[in-house]
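In what follows, a structure is listed as structure tokens, so that the remarks can point back to it.
In full-length UniProt numbering, the protein residues as written are 1 to 268.
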């Protein structure tokens, strides 16, 4: 893929670096807005609090380069992290507990594709200002969130399969965390959409514009807090080296048990 290989024992750092750049960008934009006097961008809406702001509005000002840089750096390290998980589960690297058939290998690669598309779409969101390219901006934002959810669903399926196959508690914990994040994200997006629809019906004086602002912020926080947890699915602490005393015994037992229960999934 053109990405440099990192030492396996340091691979867990990559998703944290991605999150660092994203959160640094978010905090930087928010602090800059507060220091500049919390300029309201929706003066037509009587109940849009000056304490509530949309990332798209702040980034549509002279702060746009910060948004672009943060999105680009987050994307690079996010894709790199998911690619490293795919690589380290392969036979050549032989480091993580491996994908064991074509189905799991395909799903693992789909994670890389989903993260790549999500990262591309958020970069496009940062490049097209909401004030000058509203429809394009909103379209890319919807695609960005959509592929984040797709990423989480694929990750849920993989963790469920790996947990049944390897009987590692780690996968069960990751499954639970990712499931909670996915449900919270979908709920936040749903509430945001409902509040906007109600507010549009009630007019500019509607209190629901203020409520939608709160849930709009929540949505962004959930999406990328979830990115931290789901991308930290790099189980580098549970490397293949931990089972070298009985080479492949754990893998073979797990494979046979899995084949008896889910034979229709076994392609290789």
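Beta carbons are placed, not taken as given, at the ideal position from N, Cα and C, and that holds for glycine.
The residue from 128, 92 and 22 with its alpha-carbon nearest to that of residue 60 is 128.
Residue 155 and residue 186 have their C-alpha atoms spaced approximately 16 angstroms apart. Between the segment 137-150 and the segment 169-181 there are fewer than three C-beta pairs closer than 8 angstroms, too few to call the two in contact. Assignment of alpha helix (DSSP H) within the segment 75-159, counting only whole runs of 4 or more residues, yields 102-127 in chain order. In the assembly as shown, residue 148 is a buried residue. Its beta-carbon has 16 or more other beta-carbons within 10 Å.
Straight across, the Cα-Cα distance linking residue 121 with residue 68 is about 12 angstroms.
With respect to the 9 angstroms criterion, residue 79 and residue 112 are classified as neighbours on the basis of their beta carbons.
Distance from residue 123 to residue 72 at the Cβ level is roughly 6 angstroms; contact confirmed, criterion being Cβ atoms closer than 8 angstroms.
If you check the CB distance, residue 115 and residue 70 do not come in under 9 angstroms.
Distance from the CA of residue 131 to the CA of residue 12, rounded to the nearest whole angstrom, comes to 38 angstroms.
The C-beta separation of residue 95 from residue 109 comes to about 17 angstroms, leaving the pair out of contact by the 8 angstroms criterion. Counting the other Cβ atoms within 10 Å of the Cβ of residue 15 gives 16 or more, which makes it buried. In the structure shown, the three-state DSSP call for residue 57 is helix.
Annotated three-state conformation of residue 37 is coil, per DSSP.
With distances taken between CA atoms, residue 133 lies nearest to 56 out of 8, 56, 159 and 10. Under the three-state reduction of DSSP, residue 167 is assigned to coil, being neither helix nor strand. Excluding five sequence positions before and after residue 77, the CB atoms of its chain that fall closer than 6 angstroms to its own CB belong to 14, 17 and 18, given in chain order. Excluding sequence positions up to five before and after residue 91, its CB lies within less than 8 angstroms of the CB of 98, all in the same chain and listed in chain order.
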